[in-house]
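For reference, the structure discussed in these notes is given below.
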Amino acid sequence: MSSQRITTISLDATDSSLSELQCNLPTRMVRIARKTLAPPRSVSHISEDGDVHKVKPSNNVLYIPDPNLRCSMGVNIGSSIFYTRATITIPEFHLISPAKEHYELLGEERLGCVTLYIDKWLLLIIVLQRKFDFKIKVTPWTEFFSWLMTEGSVDKLGIGPYLCSDTIVLGCIDYSAEYVTDTNGVTLDNYQEFDEKMEKFATNVQFWPPIDSAKKGAAKLTRIQLFDKIALSVTHTDRPVSCPWDGLTIPAGKVLKRTHSAYGTHVYLPDSPQPSVETLLQACCLPGRQWVVQDWVSTLRDLGEYKVYFVQQEIVWMSLARFSKVDGGWCSKSVKNETRSLEEISAMLRQGVMDTDFLFSVPSAYEPIDCMLREFAQDTLCHLVEEDEDDEGYSILSEWCRMDIGIIEKNGVCSYFINEIETNVGLGLFGDGIFDALSDALGELWLEM
Numbered sequence: 000m001s002s003q004r005i006t007t008i009s010l011d012a013t014d015s016s017l018s019e020l021q022c023n024l025p026t027r028m029v030r031i032a033r034k035t036l037a038p039p040r041s042v043s044h045i046s047e048d049g050d051v052h053k054v055k056p057s058n059n060v061l062y063i064p065d066p067n068l069r070c071s072m073g074v075n076i077g078s079s080i081f082y083t084r085a086t087i088t089i090p091e092f093h094l095i096s097p098a099k100e101h102y103e104l105l106g107e108e109r110l111g112c113v114t115l116y117i118d119k120w121l122l123l124i125i126v127l128q129r130k131f132d133f134k135i136k137v138t139p140w141t142e143f144f145s146w147l148m149t150e151g152s153v154d155k156l157g158i159g160p161y162l163c164s165d166t167i168v169l170g171c172i173d174y175s176a177e178y179v180t181d182t183n184g185v186t187l188d189n190y191q192e193f194d195e196k197m198e199k200f201a202t203n204v205q206f207w208p209p210i211d212s213a214k215k216g217a218a219k220l221t222r223i224q225l226f227d228k229i230a231l232s233v234t235h236t237d238r239p240v241s242c243p244w245d246g247l248t249i250p251a252g253k254v255l256k257r258t259h260s261a262y263g264t265h266v267y268l269p270d271s272p273q274p275s276v277e278t279l280l281q282a283c284c285l286p287g288r289q290w291v292v293q294d295w296v297s298t299l300r301d302l303g304e305y306k307v308y309f310v311q312q313e314i315v316w317m318s319l320a321r322f323s324k325v326d327g328g329w330c331s332k333s334v335k336n337e338t339r340s341l342e343e344i345s346a347m348l349r350q351g352v353m354d355t356d357f358l359f360s361v362p363s364a365y366e367p368i369d370c371m372l373r374e375f376a377q378d379t380l381c382h383l384v385e386e387d388e389d390d391e392g393y394s395i396l397s398e399w400c401r402m403d404i405g406i407i408e409k410n411g412v413c414s415y416f417i418n419e420i421e422t423n424v425g426l427g428l429f430g431d432g433i434f435d436a437l438s439d440a441l442g443e444l445w446l447e448m
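Under numbering that gives the first Met the number 0, read the sequence shown as residues 0 to 448, first letter to last.
Below, the structure written as structure tokens:
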């Protein structure tokens, strides 16, 4: 199966709305919006008198919020990293009203607006709609899933609310095991039917990300092996050793990672409560799911992990996430062009005085700016795209991805290594840095919310 992918349309440079958009929003946000919400190409239409002319299709976007980010009763979503407080107009509220489980009202209507806590990706849809002429429909996952599993729903165009050739489905439809829950409707019994219908659906309607790319990204072991290959032959850098779990014993002092997973629930660290063999086996009950054993890299916990965001193979934002020993969580901070060199970090580690505050400190004016991190990320992505391309020469990595980069030390020398790469549209892409990323990209428009 090869699902359709979104075609980029070059907007008319003379259009006044585009000029206004380019003045008010950073160029990178324009690229993000174009790539994620780009309409299909114009199509030829033959009128009754036989004339052939171009018809620009309506820009229909179906947005399906991530079902795993629904509000839970009794949970303070105001403190959640996945939600933010915002004030939106009544028409915008009507737009998102079907997704009742993804927002919480804070007050009644006032001056044509309402204030609420809202899923940050749902809010991003509203922000983009303010700047682009898109017809957006927000549909809860449960409603979409119910329609999808109905007999004959995906057989042909025009018979259902979602089957329209000029529609783009944008949302968190992936193949992680976390989506196979009774709450989401996908079970072991109906998973094969769900998979087949999604593939059939994707041959008629455009998905972002494409279904086949989502499946490929879920197979983390294949990606890890590709990281190993590039580190060995291209960047000549060290990496933690990885291998498939044998399914017999729990390895001591190692990291366990599960493929087809999301939101960090797939990792067991050496210092975390260890699962039983039965627990691990039960988590791999679906086809293709497996556990990977990987060397423990202590510098990930001690120094943190860089998160590098790409749009069209250009770095648009970087952050450094570091572990807090106080509350046991992770926090992130934006990283500009200046980063500490690996030579400095290696020297500090040898002296045993390394501190994550050092990585956050900006080099002084007389110190050269180190670009090795950016160069490593760019070179690695270039080769990843080449290796990831399908028969048509396409890779979703060339469009939109987040690369997680750690520092590994061997024999007193440090080097960068890729810990993970994420391509799905959802909070999994930005993690807890999404608000900083969006605030940085959208500027005053985001803050006005």
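By construction, the Cβ of each residue, glycine as well, lies at the ideal position given by its N, Cα and C atoms. Here the structure is a predicted model, which means the values were calculated and not measured.
Note down the Cα distance separating I404 from E421, rounded to an integer number of angstroms.
-> 12 Å
Given a cut-off of 8 Å, decide if V291 and K219 are closer than it, judged by their beta-carbon atoms.
-> yes
Other residues of its chain near R288: CB distance less than 8 Å, five sequence neighbours each side excluded = A176, R257, T258, H259, A282
Same chain, Cβ closer than 7 Å to I210, five either side skipped, listed in chain order | S2, M197, E198, A201
Under the three-state DSSP convention, the category I249 falls into = coil
How close, in whole Å, do the beta carbons of C70 and E103 come, if the pair is a contact with beta carbons under 8 Å?
-> 6 Å
With a cut-off of 8 Å on the beta carbons, I'd call K136 and L61 a contact; round off their distance for me.
-> 5 Å
Residues that DSSP places opposite C112 in a beta bridge = T88, R109
Consult DSSP for N410 and reduce its assignment to one of helix, strand or coil.
-> coil
Could you tell me if T379 is buried or exposed, where buried requires 16 or more neighbouring beta carbons within 10 angstroms of its beta carbon?
-> buried
Can you grab the Cα-Cα spacing for the pair S340 / K409, in whole Å?
-> 16 Å
By Cβ distance, which residues of its chain are closer than 6 Å to L122, with the 5 residues on each side in sequence left out?
-> A85
Inspect the CB distances between the stretch 385–399 and the stretch 273–281 and report whether three or more fall short of 8 Å.
-> no
R222, buried or exposed, once every other Cβ within 10 Å from all chains shown has been counted against 16 | buried
Which residue's Cα is closest to the Cα of T114: P97, P139, I87?
-> I87
Could you tell me which uninterrupted beta strand (DSSP E) segments, each at least 3 residues in length, are contained entirely in the stretch 178–246, listed from first to last along the chain?
-> 205–207, 241–243
Output yes or no for whether 8 Å exceeds the beta carbon distance between V334 and L319.
-> yes
For the beta strand (DSSP E) that contains A320, what are its first and last residues?
-> 313–322
What separation, rounded to the nearest whole angstrom, lies between the Cα atoms of L225 and K214?
-> 16 Å
Return the CA-CA distance between Q205 and I167, expressed in angstroms with no decimal places.
-> 5 Å
Tell me which same chain residues have a C-beta within less than 6 Å of the C-beta of C112, skipping the five on either side of it?
-> T86, T88
What does a CB cutoff of less than 7 Å around T98 pick up in its chain, not counting 5 residues either side in sequence?
-> The sequence given here has Ala at residue 98, not Thr. Here the set comprises P64, L121, V137, P139.
Buried or exposed: which applies to W316, given that a residue is buried once 16 or more other Cβ atoms fall within 10 Å of its Cβ?
-> buried
With 16 as the cutoff for other CB atoms within 10 Å, does L127 come out buried or exposed?
-> buried
Three-state secondary structure assigned by DSSP to S43 | Model confidence at S43 stands at a pLDDT of 39, short of 50, so the residue's coordinates are unreliable; what they give is reported in the following sentence. In this structure, S43 counts as strand in the three-state DSSP scheme.
Please confirm whether P272 and W295 have their CB atoms less than 8 Å apart.
-> no
Residues of its chain near A230, where Cβ-Cβ distance is below 6 Å and the 5 sequence neighbours each way are ignored = T236, R238
According to DSSP, what are the bridge partners of D270?
-> According to DSSP, which records beta bridges pairwise, D270 is partnered with nothing at all.
Indicate the three-state DSSP secondary structure (helix, strand or coil) for W146 in the structure shown.
-> helix
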